[in-house]
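Working notes for the structure below.
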Amino acid sequence: MPSQVDLDKCIGCGACVAMCPAGFKLGANGKSEVIDPNSECAEKAKDACPVQAITV
Ligand code: SF4
2 MPSQVDLDKC IGCGACVAMC PAGFKLGANG KSEVIDPNSE CAEKAKDACP VQAITV
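Everything in the sequence shown is counted per my numbering, starting at 2 for the first residue and increasing by one.
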């Protein structure tokens, strides 16, 4: 399943980007943006997110 970010939950902490730069970046709105919905590291990003904003 492609990874997704719930922008209502995301606080822009950047943990997902640190764990999975191939899959996520911080967008102009300061929140996480999926750049590769099928990145292999997405599960790690999901586990690192403090507010459970990522679904994989
Ligand atoms: S780890 Fe979660 S809260 Fe932090 S930027 Fe990524 S999606 Fe947003």
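The beta-carbon is built from N, C-alpha and C at its ideal position, and this holds for glycine as well.
Every value quoted in this text rests on a predicted model; they were computed, and no experiment measured them.
Distance CB(residue i)-CB(residue j) smaller than 8 Å
i, j, result
"Gly24", "Ala46", "yes"
"Lys32", "Gly13", "yes"
"Ala54", "Met20", "no"
"Ser4", "Pro51", "no"
Where the alpha helix (DSSP H) through residue i begins and ends
i, result
"Lys45", "Ala43 to Ala49"
Under the three-state DSSP convention, the category residue i falls into
i, result
"Val58", "The structure shown does not extend to residue 58, since the chain is modelled only from 2 through 57, so no value can be given for it."
"Val6", "strand"
Span of the beta strand (DSSP E), counted from its first residue to its last, around residue i
i, result
"Lys10", "No beta strand (DSSP E) contains Lys10, which DSSP labels as neither H nor E."
"Ser33", "Ser33 to Val35"
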